[in-house]
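Protein chains in written order, with my numbering: chain A, 1 to 431; chain B, 432 to 1082; chain C, 1083 to 1222. Every residue gets a Cβ at the ideal spot worked out from N, C-alpha and C, and that includes glycine. Okay, structure first, notes after.
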Amino acid sequence: MSYLPKPVLVIGGGIAGIQAALDLADQGIQVYLVEKTPSIGGKMMQLDKTFPTLDCSACILTPKMVAVARHPNIKLLTYSEVIEVTGSAGNFNVKILKKPRYVDEEKCIGCGICFNKCPSKVPDEFNLGMSQRRAIYVPFPQAVPLKATIDKEHCIYFTKQRCRVCEKVCPTKAINYEQKPETIELNVASIVVATGYQLIDPTLAAQYGYGKYQNVYISLEFERLLSSTGPTGGEIVRRSDNKHPKNIAFIQCVCSRDVKINPNCSAFCCMASVKHSILAKEHLPNVDCTIFYMDLRAFGKGYQEFYNRAMREFGVKFMRGKPAKIEEEPETKNLIITYEDTFTGLKKTMTFDMVVLAVGVKPIYPEALKLPLSEDGYVQLKNQYLDPVLTMIDGVYTVGVAAGAKDIPDSVVQSGNAAIKASILAGGAQK
Amino acid sequence: MSEELRIGVYVCHCGTNIAGVVNVKDVVEYAKTLPNVVVAKEYVFMCSAPGQQIIKEDIKNFKLNRVVVAACSPSLHEPTFRTATAEGGLNPYLFEMANIREHCSWVHPDEKEVATTKAKLLVKMAVAKASLLEPLSEIKFKVNNTALIIGGGVSGLAAARDLAARGIKTYLIDRSPTLGGRAARLGKLTYTEMKGIDVFKGLIRDVAGNRLIDVYTNTELVSVDGSVGNFKVKLVKNPRYVDAKCNLCGECAKVCPVEVPDEFEFGMSKRKAIYLPFKDAYPRIYVIDMKSCTRCLECVKVCPVGAINLNEKPSELTINVGGIIVAAGYDPYEPKTGEYGYKLSNKVITLFQLERLLDSEGPTKGELIVNGVKPKNIVFVMCVGSLSTTPDAYPYCSRMCCSSTIKNALVLREKYPDTNIYIAYKDVRTYGRGDEQLYMKAGENFVRFAKFKDAPKINIDQKGNLSVTLFEETLQEEITIPTDLVVLVVGMTPPRDIDKVRTTIKIGCGPEGFLREAHLKLRPVETATDGVYLAGAVTGPKNIIESIASGSAAASRTLALLSKEEVAVEPLIAVVNEDICSGCAICVAMCPYGAISLKIIDKNIRVAKVDSALCKGCGTCAAACPSGAMQQYGFKDAQIKAQVIAAMGEV
Amino acid sequence: MKEFRPRIVVFACNWCTYAALDLAGTSRMKYPTNFLVVKEMCSGRVDPQYVLEAFRRGADGVIVAGCHPGDCHYIEGNYKTLRRMTLLKKLLEEFGIEKERFRLEWISASEADRFVEVANEMYEKIKNLGPLKIEIEGGR
Ligand SMILES: Cc1cc2nc3c(=O)[nH]c(=O)nc-3n(C[C@H](O)[C@H](O)[C@H](O)COP(=O)(O)OP(=O)(O)OC[C@H]3O[C@@H](n4cnc5c(N)ncnc54)[C@H](O)[C@@H]3O)c2cc1C
Ligand SMILES: Cc1cc2nc3c(=O)[nH]c(=O)nc-3n(C[C@H](O)[C@H](O)[C@H](O)COP(=O)(O)OP(=O)(O)OC[C@H]3O[C@@H](n4cnc5c(N)ncnc54)[C@H](O)[C@@H]3O)c2cc1C
Ligand code: SF4
Ligand code: SF4
Ligand code: SF4
Ligand code: SF4
Ligand code: FES
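Here it is as structure tokens:
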């Protein structure tokens, strides 16, 4: 075949962006993968295990991350953001801002000496603030690239002009406080948007008291509690007293399927909670798990079977209905859930040691692209049947949760779909 | 081997997956005592970049010449560690893995001590084998950059369209007389004005007449030989009895005396023995259904272009392709007679039949007429054949039916505002974009919902009146809904005879018969067999959008293979030690691929010879060889026996 | 005396039985700890000599397992296995090795539960039989 392929830009380095980049690169296309945080991996990296096979998330994701770093056709731009896009399909001009890490990526070997010595402690966003990291840090041990980054806002040198400890200890002299932002200009044939999602602010569902009651968690926090690399080393313990809970309630559709906050279904939280209940039982065999749900959306391959196992093998209780409110018992910090028994229509209460809210999601988009959105808040598609990943802008494709809430397998399928579409433009369509 | 052995052993914690059960420290200490082990280490995630870095550095620092990693299953990470070994400067085949997760910590969570002992034994076995490993290099083959797609539904069409757009020559086969599959029969779709047929037309626009796509209908797979990059595929093209001269005048069908139920309309109307499967069928050629044809020859007489030949015979053809996509789709669940009153009353129909009735091009031109009357009360019964707790139907969720049901309920509501519509359901799983909004809209539009746990009963009284009885979960009481029409929302099942395709290509399936992905989450369109990919509903229920997306994704993976000049395959093939081969030829007969022949090396001395392009590395020949001359790389007698011996004894 | 814990060698083909054993792991099924797997690409690679070697070295039981007939990744390797192992069974009987100690099984990649069943059954039986009392050629 004789064509001169043009490069493709992939924005967002979660599983969706990673897979799109790998597919394209394997097809011989040059890919720029832009990720705004210091490492690729996205939300999947924060998960402990994944339904329905309970593979450990890091175990299956890290090889892909390493493959990205290693692929000769992929240029990885982390800690970078797209700031301007002009042009049209086949010929986009893109400006990318590479933020300063204040660490020379060429020199840093990821040895970790600096972050052991750095005196400034900061809540760790990877563990949703449940533990601390330093002002110079790598977000998690398997980060790709494994390069330190200085968080300027919390660095004592940048805020108070003293310290410079990391500079002293770094064995490779990688620290550079003078590093400047860089702008990179690219010309690409097509763009794949894989910028993923954020959890909706759980305090919007004020009746559940997140942030007010210590033992109310959101699902992603629970995921970190389960993880051996999490803040508790894989122990499920309560924020209030560090004790194992004897019973846990999971509440579905928090900030989802709720006309006031967000009418969309988040598609994976039912299964995530089923998974959480099974994993909780594995960690604490005597814990009682109850899931409050409206419909249990176990629709994917092997999902109903997984749900059946939760019920039959693990004895997880499923209660239909959305709880009206949660109150805290001030002494014990236990949580009283008020719900309507859909069978009798009567209001009832139940007390739990811990409550996990399966909170809904909303997409994130790169502002520079100005993608037209639909009523549901997700990106508008030109023809979702004939070209399921094409946005209203020709040559710009969208995948993963940015294209609608979905689980990992469906994200990966979409990535393949967008990859071949982007590749057709890059390779020059042939007839 | 003269070189001194220097083995490095790395034991992974896998977070707590391994370390939570197996005492990793103990295993490391034990490994250090094994012969030739010069270094043994542990790490939280060996597969991570820093984990791999440890291996690479140790190879240099300790001058290792063998690497053993005790971690998860080699099916997951053998490639990862092979690459790391190679990047460390060692031949990648000097690496061996001990599976202490899937085969140990995960299956023995309550027996920490014995699990640790077992892990030690597994490490001992791997070290024993590693000691005997030899450097090997991958075998490279030229890739034939053409593709075969089996199944011309929406997923197969999308795959063909996309491959051709990147210049890949593609064969698209379908066993039925037309492309289009099931989606072509669906009426209006959600969130669009398009109907199923419009999606088909949209796809066929790029496929019909595309010089890079060869379409073969009425065609089935006979055999597949070869391997990734170079498959030799035999197909049989069953006769259509009408050739491309057909100009669609339809004179033949007018005169044909045989009328049979039209399968496109699920038997709700009739067609002739010579027919066009549906108005927009592709290829645009009539076809004769020989099972019902009486060979009266009326059609032959009237055909103005002489396109009909009743004596056409099946023909075989052989093609060579580099990659294969299986897109054989699904079959709708067919309720048994009497199941929910099916076939006992013609007022019990399936959702697919309803789709046809509501289609303006369907048997009733889009009017809901059943038994000559317009039903006023309609009950949909969901999950027919799906979410079953008994073995006579399927346990899984068919995924697309909830939103398809609600879509149909809304179409009915708009068209016939005064009908009463009930949806009897287990769970409403409207997970997709926009589907939840439709669900809410249905509620606002007085579509009524009744939740059941145990399958509803359909009652048919003597006069033929219908009603549905179920135990309503929210009300906690049994209710009976009299109705004029029951629509059974049938799920999706693996397509008939998929096992034939599956065993011909040698790919796996799950317990219900849907084809199995290489990895459910991260390799959803690949199979365990290199060069074979999956698209659409053949891996499990999907709606049209998801099927098309997976067709394109399969094309993407196929393109990744076919855009390469060469593929490398594992060198784990048979090898003859000519010095001891007696030329008995026992192995020659053993090989299922005809890879072994005898060659004359010196006057009358004949020895076996393996063709490395044909050998697939099963090792059957080696097991049969009486003199031990035939061996298999990576699985030599000595290597296997060393493992067996290492499995014994105390640790 | 120490409790008798039979040691059993499993020759598993890469495509079916090895995958089934992996599946048993990912599904967190449980079975006795005493099964040690030797992987082959196909059950057809298993030379009856290996089975004898295992018993000679002290194995209390051996399983040879592969894909179901018709499902072998290499078309018909397992038919050859069937033939070889049928002969081997006779030989083992002659040596006086109880038939419970050797099994030929067809276990597909999705039949993790089948492996668990076989493993439990075999473990119990061999436990009742006690250690292998026979010495084959050359001894242990
Ligand atoms: C609690 C919980 C449990 C879950 N469990 C499972 C499970 O078990 N199985 C399963 O299949 N799914 C599960 N999911 C769903 C899963 O997380 C998603 O399907 C998956 O992570 C989606 O990946 P993504 O790449 O689309 O998005 P993300 O993972 O969000 O990745 C997006 C990436 O883009 C980057 N980015 C964002 N904006 C920009 C920008 N402007 N420029 C550059 N980069 C940008 C982000 O930093 C991020 O790295 C779970 C979700 C939650 C919340
Ligand atoms: C009752 C019902 C209602 C539905 N409603 C909707 C809806 O409203 N919206 C929606 O999006 N989806 C709906 N669907 C799902 C939709 O039909 C599927 O998503 C779609 O048809 C799948 O496409 P496919 O290409 O994978 O398979 P198919 O459409 O089944 O195509 C497979 C093709 O492969 C061919 N084939 C099979 N075996 C072989 C073989 N051995 N050799 C050669 N060729 C072979 C077949 O002849 C067929 O042409 C519905 C399904 C059902 C059952
Ligand atoms: S910046 Fe220096 S000290 Fe910090 S991780 Fe990198 S090399 Fe180590
Ligand atoms: S997936 Fe389940 S919990 Fe999440 S919004 Fe949808 S129905 Fe609610
Ligand atoms: S020969 Fe067959 S197809 Fe032709 S008219 Fe007669 S019955 Fe119909
Ligand atoms: S290993 Fe032997 S029997 Fe098997 S394919 Fe190769 S040559 Fe043929
Ligand atoms: S590959 Fe499993 S028995 Fe041959």
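Proximity of GLU729(B) to chain A, defined by a Cβ-Cβ separation below 8 Å, is not satisfied. C-alpha of GLY315(A) to C-alpha of LYS168(A): approximately 56 Å in a straight line. Fully enclosed alpha helix (DSSP H) runs of no fewer than 4 residues occupy 505–518 and 543–562 of the region 496–578 of chain B, in order along the chain.
Remark: the C-beta of LYS973(B) is in contact range of ligand 2, defined as less than 7 Å to any heavy atom. Interface with chain C (8 Å Cβ-Cβ cutoff): CYS814(B) is excluded. Distance from the CA of ILE1189(C) to the CA of ASP1142(C), rounded to the nearest whole angstrom, comes to 21 Å. Within its own chain, the residues whose Cβ lies closer than 6 Å to the Cβ of SER829(B), once the five positions on either side in sequence are excluded, are SER817, GLY922, MET923 and PRO972, listed in chain order.
With 6 Å as the limit, the residues whose C-beta approaches any heavy atom of ligand 7 more closely are CYS1095(C), TRP1097(C), CYS1098(C), CYS1124(C), SER1125(C), GLY1126(C), GLY1148(C), CYS1149(C), CYS1154(C), HIS1155(C), TYR1156(C), GLY1159(C) and ASN1160(C), in sequence along the chain.
Closer than 8 Å at the C-beta level to chain C, one finds these residues of the region 1044–1074 of chain B: LYS1047, GLY1048, CYS1049, GLY1050, THR1051, ALA1053, ALA1054, ALA1055, GLN1063, PHE1066, ASP1068, ILE1071, LYS1072 and GLN1074. ARG988(B) carries a helical assignment under DSSP once its states are collapsed to helix, strand and coil. Using a Cβ-Cβ distance cut-off of 8 Å, the region 963–979 of chain B and the region 748–758 of chain B are in contact, since at least three pairs of beta carbons, one from each stretch, lie closer than that value. For MET45(A), the three-state secondary structure derived from DSSP is helix.
For ILE438(B), the enclosing beta strand (DSSP E) has its first and last residue at 438–443.
In this structure PHE250(A) is in contact with ILE291(A), their Cβ atoms being roughly 5 Å apart against a cut-off of 8 Å. LYS767(B) has its Cβ no nearer than 7 Å to any heavy atom of ligand 1.
Taken through DSSP and simplified to helix, strand or coil, GLU105(A) comes out as coil. Linking GLY345(A) to LYS882(B) through their CA atoms gives a straight-line distance of about 15 Å.
Distances from the CB of ILE136(A) to the heavy atoms of ligand 2 are all 7 Å or more. For MET1204(C), the enclosing alpha helix (DSSP H) has its first and last residue at 1194–1211.
Contact check for THR1051(B) and TYR1156(C): beta-carbon distance about 7 Å, within the 8 Å limit, so the pair qualifies. Within a 10 Å sphere around the beta-carbon of LEU579(B) sit 16 or more other beta-carbons, which makes this residue buried.
The beta-carbon separation of LEU33(A) and VAL68(A), rounded to 7 Å, stays under the 8 Å limit for a contact.
Within the same chain, MET528 come within 6 Å of GLU509(B) by CB-CB distance, once the 5 residues on both sides are set aside.
Listed along chain A, the residues sitting closer than 9 Å to ILE979(B) by beta-carbon distance are TYR385, LEU386, ASP387, PRO388 and ASN417. Taking ILE336(A) as the centre and dropping the five residues before and after it, the same chain places the C-beta of GLU327, THR349 and THR351 closer than 6 Å to its C-beta, in chain order.
Scanning SER568(B), LYS560(B), TYR474(B) and THR989(B) for the CA closest to the CA of ILE438(B) turns up LYS560(B).
In this structure, the CA atom of VAL1144(C) is about 39 Å from the CA atom of PRO409(A). By the neighbour-count criterion, in which 16 or more other beta carbons inside 10 Å mark a residue as buried, ARG947(B) falls on the buried side. The three-state reading of DSSP puts HIS1155(C) in coil, since its state is none of H, G, I, E or B.
When secondary structure is reduced to three states using DSSP, GLU460(B) falls in the helix class.
Sequence-ordered contacts of the region 30–58 of chain A with chain C read THR53, LEU54 and ASP55 [C-beta pairs closer than 7 Å]. Between the region 116–130 of chain A and the region 221–230 of chain A, the count of C-beta pairs closer than 8 Å reaches three or more; the two stretches touch. Within the same chain, Cβ atoms closer than 7 Å to the Cβ of GLN252(A) are found at CYS269, CYS270, SER273, ILE291, PHE292, TYR293, MET294 and ALA358, the five residues on either side in sequence being excluded. Under DSSP, SER776(B) shares a beta bridge with TYR773(B). Annotation for LEU1186(C): VAL1146 and MET1167 place their beta carbon closer than 6 Å to its own, counting only its chain and skipping 5 residues before and after. A distance criterion of 7 Å places the beta-carbon of PRO388(A) beyond contact range of ligand 1, judged by its closest non-hydrogen atom.
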